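In what follows, a structure is listed as structure tokens, so that the remarks can point back to it.
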Amino acid sequence: MRGEHLSDRTFRRLFEAVPGLYLILDPELIIVAVSDAYLHATKARREDILGRHIFEAFPDNPDDPHATGTKNLGASLRRVLASKATDTMAVQKYPVRRPASEGGGFEDRYWSPVNSPLLDESGNVSFIIHRVEDVTEYVQLKERGLEQRRLTEQLESRAHEMEAEISRRAQELQRANAQLEQRTRQLEILTTAAQELNSSLQIEHIMRCLVRMSLELVNASEGAWGQLIDGRMIFTEYLKQQGKLIEPLLSVLEPGVGVPGHVMVTREPYVSNDAAHDPHVLSHLQKAMGVRNLIDLPIIGRSGELLGCFELHNKQGGLPFTHEDLELLEGLRASAAVALENARLYEALQSERRTLEAIVKQMPAGLILIEAPSGRFIYYNQEAERLLGHPVPLAGNPEQGTLHGAVHEDLTPYGLDEYPIARALLQGETVKDEEMLYRRDDGSFAHLSVTAAPIRDSAGRIIQAVTVFIDSSVRKAAEAASHDERKWLEALLDRLPVPVALIDPATREFTFRNEEAKRLRLPLPLNLSQLDDTKYYATDVRGRRIPFSELPRSRVARGETFSGVEVTWNTPEGSIPFIFNGRLMPPMHGRPALAILVFQDISELKRVEAELNQSETRFRRLYESNLLGIVFGDIGGGLYDVNEYYAQLIGSSREEILAGQVRWDEITPPEELEKDKAAAREMLESPEGVCTPYEKRYVLKDGRVVWILLGAAFLDENRFKNVAFVLDITQGKAAEEQLARSLSSEQLAREEAEIALTQLRMERDLREQFVSALSHDLRTPLTAAKMSAQLIPRQANLPDKVYALAARVKLNIDRADQMITDLLDASRIRAGQGLPIVAAPCDLRQVVAGTLEDLATVHGERFSLRGEERLQGNWDADALRRLIENLCSNAIKYGDPTGRVTVTLREDGNQVELAVHNWGRTISPQEQEGLFQYFARTKSAEVSGKKGWGIGLTLVRGVAEAHGGSVHVESTQENGTTFWVRLPKDAKPSQ
């Protein structure tokens, strides 16, 4: 056998017979061989442990929460695998499991282990030799401090041997540690940093620790840290001398600015070993801090959120920062991220806790927290003490402090197990709103509504119980008064001028409808299921049928809050539009939830809306009629919209103007712009925002000069945008110039030329008056109507206000509509066209009486009607009303301000005669000749200062002639002024 190789079997037998305690482990820590001595010392069998993980075969004692044997041995084995060097451990306490035959359980043993690697040809660890020395007796001897001399003498020799062995192994450990000194130092720093980082919940302390440990880990000199706040990286401290000196620093960097800003954008670490020439390094900071090289790492939370960064400067010895430095700092960065997130969570938790404590202290209910199983009171708020009438003891047992004053209705005291808090604590019962009578120390009684519940840990064990209670005496009193309050509320709602209904949210049934709602007399049953949906149903604004589940009553019962919901209720008798407002009042103060529905019939509002649309159509007719130029622009020269009249006047298309390619100030000569500025100043200073019409000229792009008469008025509250009305007076200006030339060259025709010139100027003045009146009078009702219409949607909850605004809209729409109609009709008459009338049988007496009644509401009782009681004929009643309104309004406006206006009716065969008489200034015969002409106004009208368009009597003439009749005037000082209108009974519209 000498010189021959041993077989594996023989080698295994030799190994197993070795007197020492040995285990052979593979790199996965699986037991592959064990010596007999090891088996004997551990009381194990070879077949039970081979092929098993070492800690599965030899676990810690589960009954010893402080056992560290597997932890320490595991750390040593990992060091051997990592360093490929022998690792000598200190003496370890290691429990050994006893066989069942010896009573089972664990027996504490003390080992002195040495773990040595066995390397393969490639230098990798193929096995680990785990050798131990059993020093149990030695350790136990020292622990017990036995004084028995006999045992001491027997073990003295062994102790010397162990001490020698320990000394020898310490030398081996020192040599091994010398090889790993640098790595160990770094690991210690990392371990210490992880512990210190995770032990703090203060962000400032965590970041200081991070920078200080990082400086030591990679041998850097200075460092700083920053937090990401509102998208910016904010630095407040600079650490020098490896963290020993802290200097204040305030630096705020936006994303992309400096190295921290670059890291914010890339979210990746950044290393620079040439800071002076690095474009990302801010030069002023580099020079001020003397930065040679740096390394900057972002701190990113587990959710991917960027929390901040830390930056190290100037590695000692002039060395560069390396990839190995970066790898070492990665561990610190990860630990810091976790610590920062924990600190933020802690701050949020503390904030929530403070808020909760404040709520609990201020909550209008008593709260008591009791510990299980002792029943010790651990918390109560001030309201609990007030309700109970005595302090709650924070120490003691349930018998001494658990609501001992509770009594039954017969005043017998509660047993301890009857209290809600005791049932929650001992039985796990949840008690809700249980009524309890409590006797206070002063002998008074309180009705309490008590809720109690157990608090369990993750394993389901009861660890605490909480009770919350309120004084239900107030609620009982409130319940007693609830009926009276309900009656009072219903009486109040009955006096409201709008329909109101109350609905039970649970059943969606009406519980109350006030008098206004009942007056609607709608078939609204208490329960929707009682309604015949084939006859009674609702539709929305588009005419679509609304299911009962989406009716306002159902929606408000579900808890929806809405305002201004428009619904049309359809019945066999017709349809009525409504606006609904709904709100659910939640249960409070012991009262149940209640749904409130407020609604209003908006039929009149719908009619006004239709009239507003019709009036807009009529205004569009004026806009498109091209009787005069209408311009929407501003005082700065802008043009927003114009009609075709104005576009043709300035030689441009509407498309060019709407595209912003034409401005009125660009076609106005500089000297004419002064007129525009003066007009703008007048508009700005005028309370009504209008200017006096004025003449100006345009110089068009083709060189033509156009003279216009222009009046304007502001449209908006900002007094910038305006509407302007424009008349082309180029021909009139040419005639004036021609006449002026005639005056200088033909002296003999001076008088005739002066008369013609005077007439032209009068016509110009009339045009100015017309444009001024149009600018002012038409703007006023349209602006008022627009403002009122805009206010209506904002008053959905105030139906009376809505109707007042609607009436205002209607009044102003009627005014604007009448102005537009009069202007169009007067222009038709001037063009030689008759007014279109629709004749139908009517009573002239009724038409006149109704018109005078309407005028009396404005001017008072100043009208008298005389003559025939009944005058039947075939006339256009609406046209005659306009005729009467114009004549009577002129009589009031220009006649004796205190006198009466008399209207007389007379039948004359197939003709009827209507006379309107008033006292006051007379009309001269010369003025009577042109009185019914377009733009004609008398001198007395001018002197009166009353505004007018000069088209009212033109309309009177047109209405009379359209019926085949006539009109004339008589005016003397003795008899006053009378306008006579003759009409055939059977009017035939003029062709």
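Start counting the sequence shown at 14; every next residue gets the next number (our numbering).
Ideal placement from N, C-alpha and C gives every residue a C-beta, glycine not left out.
Since the model is a prediction, treat every value here as computed from it, not as a measurement.
Secondary-structure assignment with DSSP links Phe-323 through a beta bridge to Trp-238 and Leu-310. Here the C-alpha atom of Arg-122 lies approximately 7 Å from the C-alpha atom of Asp-147.
In the three-state DSSP reduction, Lys-619 falls in the helix class (H, G or I).
Three or more pairs of CB atoms, one per stretch, sit closer than 8 Å, so the segment 333-352 contacts the segment 284-295. A contact is defined here as three or more CB-CB pairs under 8 Å, and the segment 397-404 fails this definition with respect to the segment 250-265.
In this structure, Thr-55 lies away from Phe-68, with their beta-carbon atoms at least 8 Å apart. Counting only runs of at least 3 residues, the segment 681-763 fully encloses the following beta strand (DSSP E) elements, listed from N- to C-terminal order: 707-712, 718-727 and 734-741. A residue is called buried when at least 16 other Cβ atoms come within 10 angstroms of its Cβ; Ser-48 meets this threshold and is buried.
Around Thr-149, the same chain offers Arg-122 and Tyr-123 as residues with beta carbons nearer than 7 Å, after the five sequence neighbours per side are excluded. Secondary structure remark: continuous beta strand (DSSP E) runs of at least 3 residues inside the segment 441-509, in chain order: 444-452, 458-469 and 475-484. When the alpha-carbon of Gly-33 is set against those of Tyr-659, Asn-306 and Pro-126, the nearest one is in Pro-126. Ranked by Cα distance from Leu-884, the options Phe-727, Asp-21 and Arg-919 are led by Arg-919.
For the pair Glu-448 and Ser-462, the CB atoms are nearer than the 8 Å cut-off.
Contact check between the segment 701-708 and the segment 649-662: fewer than three CB pairs, one atom from each, fall below 8 Å, which does not count as touching. According to DSSP, residue pairing for Cys-855 in a beta bridge involves Gly-886.
Taking a cut-off of 8 Å for Cβ pairs, the segment 353-365 and the segment 267-283 do not touch, as fewer than three such pairs fall below it. For the pair Val-675 and Glu-669, the CB atoms are nearer than the 8 Å cut-off.
Less than 8 Å divides the Cβ of Gln-924 from the Cβ of Lys-998. If you ignore the 5 residues before and after His-403, its C-beta comes within less than 6 Å of the C-beta of Asp-454, all in its own chain and listed in chain order. Separation of Arg-557 and Ile-589 (C-alpha to C-alpha, rounded to the nearest whole angstrom) is 15 Å.
Excluding the 5 residues flanking it on each side, Tyr-636 has same chain C-beta neighbours closer than 8 Å at Ile-643 and Asn-656, in chain order. In the structure shown, Tyr-907 falls within a helical segment according to DSSP collapsed to helix, strand and coil. Check the Cα spacing between Asp-889 and each of Ala-437, Phe-876 and Asp-856: the tightest is with Asp-856. As the crow flies, the alpha-carbon of Thr-204 is around 34 Å from that of Glu-134. Taken atom to atom, the span from the alpha-carbon of Ile-648 to that of Phe-733 is near 6 Å.
For His-981, the enclosing beta strand (DSSP E) stretches over residues 979-985. Just so you know, the alpha carbons of Pro-268 and Asn-731 end up roughly 42 Å apart. Secondary structure of Gln-924 (DSSP, three-state): strand.
In this structure, Lys-714 and Lys-688 do not form a Cβ contact; the two beta carbons are roughly 21 Å apart against a cut-off of 8 Å.
Fewer than three pairs of CB atoms, one per stretch, sit closer than 8 Å, so the segment 213-233 makes no contact with the segment 295-303. Boundaries of the beta strand (DSSP E) harbouring Thr-990: 989-997, taken from the DSSP string. In terms of CA proximity to Pro-510, Phe-612 leads the group Ala-465, Phe-612, Pro-273 and Ala-853. Look at the segment 523-602 and you find these whole runs of beta strand (DSSP E), each 3 residues long or longer: 550-552, 575-584 and 587-598. Residue range 336-375 is occupied by the alpha helix (DSSP H) that includes Gly-344, with no beta strand (DSSP E) assigned at that position.
One thing to note: Ala-349 has its Cβ within 8 Å of the Cβ of Leu-210. The C-beta of Gly-388 has 16 or more other C-beta atoms within 10 Å across all chains shown, which makes the residue buried.
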